[in-house]
Amino acid sequence: MQPGDTSVLTHLGDSLRRLRRDRSMSQEALANASGISRRTIINLEAGETNVSLVALDRLAGALGATFTDLVVAHTGSEEHAAPAELDVAVWRGTDTTSIGRLVGAVAARSEVQVLSWRLAPGECYDADPDPAGWHEIVVVVAGAVRLRLGAGGAVLLRQGDHTVFSSAQPYSYEADGTLAASFLRIVTS
Numbered sequence: 001m002q003p004g005d006t007s008v009l010t011h012l013g014d015s016l017r018r019l020r021r022d023r024s025m026s027q028e029a030l031a032n033a034s035g036i037s038r039r040t041i042i043n044l045e046a047g048e049t050n051v052s053l054v055a056l057d058r059l060a061g062a063l064g065a066t067f068t069d070l071v072v073a074h075t076g077s078e079e080h081a082a083p084a085e086l087d088v089a090v091w092r093g094t095d096t097t098s099i100g101r102l103v104g105a106v107a108a109r110s111e112v113q114v115l116s117w118r119l120a121p122g123e124c125y126d127a128d129p130d131p132a133g134w135h136e137i138v139v140v141v142a143g144a145v146r147l148r149l150g151a152g153g154a155v156l157l158r159q160g161d162h163t164v165f166s167s168a169q170p171y172s173y174e175a176d177g178t179l180a181a182s183f184l185r186i187v188t189s
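The end of the sequence shown is residue 189 by the numbering used here, with every number in the run present.
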C-alpha cells in the first residue's frame with residue numbers, strides 16, 4: 001500500500017479503530033499486545049501510514065481478529081464477503097502496475113490467505129519474517145519471479161512453476177526479466 005492509496009488506508013484505519021474499540025482496548029494496550037508502536041497505531045487509525053503485512057498480522061492477532069478482518073472494508077455487518085469475492089489491495093509498489101491483492105481467505109489454524117501479486121520489471125517486494133510455523137506456497141502465473149530466501153539463496157520461478165517454503169525467515173520477490181511477473185501467494189499459519 002502506498003500512502004496515496006487512501007481507500008485502502010482509510011478502511012484499514014477504520015477497521016483497526018473499530019476492532020480496538022469493540023474490545024475496549026486503548027491504543028497503548030494494543031501497542032503492548034502487538035509489539036507495534038503506539039505512534040504507528042495512531043497513524044494507521046488516521047489512514048496516514050503504511051506497515052508490513054506481518055505487522056498487520058501482529059495487530060490482528062493482538063485483537064483476536066484475522067488479517068482479513070483488518071483489510072476488508074467493514075459494511076456494517078459482521079459477515080464477510082465469501083472468499084471468492086475478496087479483492088482488496090494490501091500492497092502497492094512504486095510502479096503503478098505493481099500490486100498485491102488479497103483475493104481469498106479461509107480459516108485454518110488461524111487463517112489461510114490467497115494473494116494475487118503483480119510486479120513490474122525490476123520491482124522487488126521485501127517481506128519481514130513471519131512467526132515460526134508459517135509457510136507460503138507461490139505459483140507463478142505469468143513472467144518470472146526470483147525468490148530470495150534468507151540464507152537459502154535464490155530460486156528462479158517461471159510461468160507454471162511453484163514452490164513451498166517457510167516464511168519464518170527474511171525473503172523477497174523480484175520480477176525477473178523484461179516482463180511483469182504475476183503470481184499467487186498462499187500464506188498458511
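All C-beta atoms in this analysis are idealised placements derived from N, C-alpha and C, irrespective of residue type, glycine included.
Sequence-distant residues of its chain with Cβ nearer than 7 Å to residue i (five each side left out)
i, result
"A55", "I36"
"S26", "none"
"S189", "A108, R109, S110, E111, G133 and W134"
"L156", "A144, R146 and D176"
"T40", "T49 and V51"
"L44", "L12, G13, L16 and V51"
Helix, strand or coil at residue i according to DSSP, with G and I counted as helix
i, result
"I186", "strand"
"A60", "helix"
"T68", "helix"
"D14", "helix"
"I36", "coil"
"E123", "coil"
"T178", "coil"
Beta-carbon proximity check, residue i vs residue j, cutoff 9 Å
i, j, result
"A168", "W134", "yes"
"G150", "P129", "yes"
"Y125", "G152", "no"
"V187", "R158", "no"
"A144", "L179", "yes"
"S52", "A120", "no"
"G64", "S34", "no"
"E28", "R38", "yes"
"T163", "I137", "yes"
8 Å CB neighbourhood of residue i in its chain, flanking five on each side removed
i, result
"E79", "A caution first: E79 carries a pLDDT of 48, below 50, which makes its placement in the model unreliable, though a value can still be read off. Excluding sequence neighbours, E79 sits near nothing in its chain."
"A81", "Low per-residue confidence applies at A81: pLDDT is 41, beneath 50, and the placement is therefore not dependable, though the value from the model is reported in the following sentence. Cβ neighbours of A81 beyond the five flanking positions: V72."
"A154", "R146, L147 and R148"
"R196", "Since the first residue of the chain shown is 1 and the last is 189, residue 196 is not available in this structure."
Own chain residues within Cβ distance below 6 Å of residue i, not counting five before or after
i, result
"V90", "V71, G100 and L102"
"R20", "L30"
"S166", "H135"
"L115", "G100, L102 and R185"
"P170", "P129 and G150"
Bridge partners - residue i, DSSP secondary structure assignment
i, result
"F191", "As shown, the chain starts at 1 and ends at 189. That puts residue 191 outside it, with no answer to give."
"V88", "L102"
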